[in-house]
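Chains as they are written, first to last, in our numbering: chain R, 1 to 231; chain H, 1001 to 1432.
Glycine included, each C-beta is placed from N, C-alpha and C at the ideal position.
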Amino acid sequence: MTENTEATGGPERRVRVVLVDDHRMFRTGVQAEIGRTEETGVEVVGEAADVDQAVTVITATRPEVVLLDVHLPGGGGVEVLRRCAPLMGAADDPVRFLALSVSDAAEDVIGVIRGGARGYVTKTITGTDLVDSVFRVQEGDAVFSPRLAGFVLDAFASTDAPPVDEDMDRLTQREREVLRLIARGYAYKEIAKQLFISVKTVESHVSAVLRKLQLSNRHELTRWATARRLV
Amino acid sequence: MPAATARAAHSSLASDPEEPPLRKLYRSADGRMLGGVARGLAGHLGLPVAWVRFVFLGLFLSDGLGALLYAVFWIVVPLGVGGVGDAHPPRSVFETAPDGRRRLRKPDPGQVFALVALLVGAVAFVSSVDMGSEADRYIWPTLLIGAGSVLVWRQADNARRARWMEVGRRRRLLHLARALAGVALVGLGLAVFMVVRGSAAQLGNVLTAAIAVLTGIALLAGPYLVRMTQDLSEERLMRIRAQERAEVAAHVHDSVLHTLTLIQRNADDGGEVRRLARAQERELRNWLYNPEGTGKDEDDEPETLAEAVKRAAAEVEDKHGVPLEVVVVGDCPLDDKLGAQMQAAREAMVNAAKYGGEGGAVQVFAEVEGTTVFVSVRDRGPGFDLDEVPADRMGVRESIIGRMQRNGGTARLRSVPGGGTEVELEMERASE
């Protein structure tokens, strides 16, 4: 961990990233887009094309952020997350995952988020936005694309009969509002202005949603998944 | 009878003009009475089915030869629908019932007649055999066994049919009952045989011997059978995979290659290339990730809100070459009011694409919450002030705001922080 000082110190922020995607062309494209370390501050320290490679590379390089494709040979992004769980929980140097997918399917997306990914962006994202998202994830925030917000709202919707002691599993009014604005295409800053709260508060709402999504193994998600025949 | 004759004659006629090179004999699945042998033969030979049935009946009366023949046909000849490798399926052999459902059909005169004939035959058979004599010992067990195996064989046919037609899920219990009844009958027959032939005291010995033999056979043939079923199921799996791959390949070939060609030809026209690529991406995505996933049913009217929003966005995207990102939460069927809201939303999308498309993707968000349907269309363009729009420009005022108000909803137009415009449409849907 000699580079660690260099990575966190200095006026310019730095982040070490591993790319996991089975399409070489896509990896090359992302590398070209965000990998110019002097400009973006992103340093791509490793690449992997399948689950086994990914686990090996991530364990060896200990990056701060992993850009993880949802569909991978060998079990998919969920499998990578499962096998890297100890690294995610590490107290001093946690590895964080950002799902980067072309998939539109809710079960893919919700699956990796529940597996522990800190956010989800689609492959149509621009380079600048991607760099921004990577840094946000590095700092411990959650990154929600409008589409992901839509999926989550859908997942938590229709709680008509309030169950006893399920409050942990439900979204507060504020969290729903925040998610709704994200789904409508607002940036965090715009949401803060809209709701007269600080950006930090927006971020903490979003983190809370993410936590609920990851912790929640109770009824809404089960019911939601059952209704869509996902389980 | 005339109906059956006419049908058979008609079917034989129909098969004549284009004689398939190789005609295979099938049992008929439709309009059959027992195993479909007679009907199948009739179709194959081009004879009225009644004749064949009479011949069988006649043979049956002469020492039961007909029954034997019938049984052999039943076992050997496959039930006929879409046999492997027949370019011309033996359509002539069977015909669809007038209402399309076989089971609901009224008993046609031919069938009634045949039943009566069968009864007469049975009576003749029973009276011709001397019931009281020695033979009695064998006849009843034989009849039992025969009835049981007929039941089971018929059952096998039904199982096959069910696989083709995916009918009879509810009838599973009935099927099971029938199969069990068949097995019970055969077992009973065999038991009676044994008891009658030997004395009951020997039953134990006979059973032991039979079990020993069966076990031996199972030990010897078991592995082969297991291996064979494994191979078969594996082969079936491979075939299904190959079929799926072929379908994907065909689709990719059709639309993707076509689009790529167009893109090569229009390489200089950036807008056109983007439009083509986007349309193709959407279609392929639809095809890959939609559960029902053909992606081809674009002609019929959308029935639900989510569909309608996606459809409108896709059309606007195609027309104006600006990406629209659609997020839909919840869904509900469309009614008149929601239809109006969709039209207003579409107008808003067009405006956003036209005037605000420079700033990036247009965000479309639709949510159904309870009885309220909320749609927001937002762009990141320069934004505009409704008061400054000349009074004669009716797009926003009439098509969006006016339309929503006339249908009992509300429309709000506002500039959002950080530039851009957002149109919010809210409508109460008719409660269910």
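Residue i, buried or exposed, once every other Cβ within 10 Å from all chains shown has been counted against 16
i	result
residue 184 of chain R	buried
residue 1414 of chain H	exposed
residue 130 of chain R	buried
residue 1319 of chain H	exposed
residue 1271 of chain H	exposed
residue 1060 of chain H	buried
Chain R contact for residue i (CB, 8 Å cutoff)
i	result
residue 1271 of chain H	no
residue 1363 of chain H	yes
residue 1415 of chain H	no
residue 1327 of chain H	yes
residue 1378 of chain H	yes
residue 1224 of chain H	no
residue 1330 of chain H	yes
residue 1289 of chain H	yes
residue 1285 of chain H	yes
Beta carbon proximity, residue i to chain H, threshold 8 Å
i	result
residue 210 of chain R	no
residue 183 of chain R	yes
residue 105 of chain R	yes
residue 140 of chain R	no
residue 231 of chain R	Unreliable positioning characterises residue 231 of chain R in this predicted model, as indicated by a pLDDT of 47, which lies under 50. The coordinate reading is nonetheless provided below. Closer than 8 Å: no.
residue 147 of chain R	yes
residue 22 of chain R	no
residue 150 of chain R	yes
residue 161 of chain R	Any reading at residue 161 of chain R needs caution, since the residue's pLDDT is 44, under 50, leaving its predicted position unreliable; the model's value is listed next. Judged by the 8 Å Cβ criterion, residue 161 of chain R is not in contact with chain H.
residue 153 of chain R	yes
Cα-Cα separation, residue i to residue j
i	j	result
residue 1362 of chain H	residue 1239 of chain H	44 Å
residue 1326 of chain H	residue 1153 of chain H	56 Å
residue 190 of chain R	residue 1403 of chain H	29 Å
residue 1188 of chain H	residue 1145 of chain H	8 Å
residue 27 of chain R	residue 100 of chain R	11 Å
residue 257 of chain R	residue 199 of chain R	Outside the displayed range of chain R (1 to 231) lies residue 257 of chain R, so it cannot be described from this structure.
residue 1009 of chain H	residue 1052 of chain H	Bear in mind that the predicted position of residue 1009 of chain H carries a pLDDT of just 42, short of 50, making it unreliable; the figure below should be weighed with that in mind. Their backbone Cα atoms lie some 13 Å apart in a straight line.
residue 1258 of chain H	residue 1278 of chain H	14 Å
residue 1218 of chain H	residue 1211 of chain H	10 Å
residue 87 of chain R	residue 79 of chain R	14 Å
residue 1067 of chain H	residue 1038 of chain H	12 Å
residue 50 of chain R	residue 114 of chain R	20 Å
residue 21 of chain R	residue 66 of chain R	10 Å
residue 178 of chain R	residue 89 of chain R	27 Å
residue 126 of chain R	residue 34 of chain R	10 Å
residue 1151 of chain H	residue 1226 of chain H	26 Å
residue 1339 of chain H	residue 1372 of chain H	14 Å
residue 94 of chain R	residue 1396 of chain H	51 Å
residue 1025 of chain H	residue 1071 of chain H	15 Å
residue 1118 of chain H	residue 1203 of chain H	36 Å
residue 287 of chain R	residue 1289 of chain H	No answer is possible for residue 287 of chain R: it lies beyond the span of chain R, which begins at 1 and ends at 231.
residue 1301 of chain H	residue 1312 of chain H	11 Å
residue 139 of chain R	residue 122 of chain R	20 Å
residue 1234 of chain H	residue 1241 of chain H	11 Å
residue 173 of chain R	residue 180 of chain R	11 Å
8 Å contact criterion, which residue i and residue j should meet: CB distance rounded
i	j	result
residue 1328 of chain H	residue 1353 of chain H	That pair is no contact at about 18 Å.
residue 171 of chain R	residue 212 of chain R	7 Å
residue 117 of chain R	residue 68 of chain R	6 Å
residue 1192 of chain H	residue 1141 of chain H	4 Å
residue 63 of chain R	residue 134 of chain R	Their Cβ separation, rounded to whole angstroms, is 10 Å, which puts residue 63 of chain R and residue 134 of chain R out of contact at 8 Å.
residue 77 of chain R	residue 102 of chain R	About 12 Å; that fails the 8 Å criterion.
Neighbourhood of residue i by C-beta distance below 7 Å, restricted to the same chain and skipping five residues each side
i	result
residue 52 of chain R	74
residue 1317 of chain H	1278, 1323, 1324
residue 288 of chain R	No information on residue 288 of chain R is available, as it lies outside the stretch 1 to 231 that chain R covers here.
residue 1344 of chain H	1399, 1400, 1403, 1404, 1411, 1425
residue 161 of chain R	Per-residue confidence for residue 161 of chain R stands at a pLDDT of 44, beneath the threshold of 50, marking its modelled position as unreliable; the derived number appears in the next sentence. Nothing listed; no residue qualifies.
residue 1274 of chain H	1321
residue 1335 of chain H	1429, 1430
Same chain only: Cβ atoms within 6 Å of residue i, ignoring 5 sequence neighbours per side
i	result
residue 188 of chain R	199, 202
residue 1185 of chain H	1144, 1147, 1148
residue 1323 of chain H	1361
residue 1374 of chain H	1367, 1426
residue 1423 of chain H	1348, 1377, 1413
residue 1115 of chain H	none
Residue i Cβ short of 7 Å to the ligand GDP heavy atom set
i	result
residue 179 of chain R	Here there are no bound small molecules, and the ligand GDP is not part of this structure.
Selection of the stretch 1229-1254 of chain H by Cβ proximity to chain C, strictly under 7 Å: Reference to chain C is not applicable here, since the protein chains of this structure are R and H.
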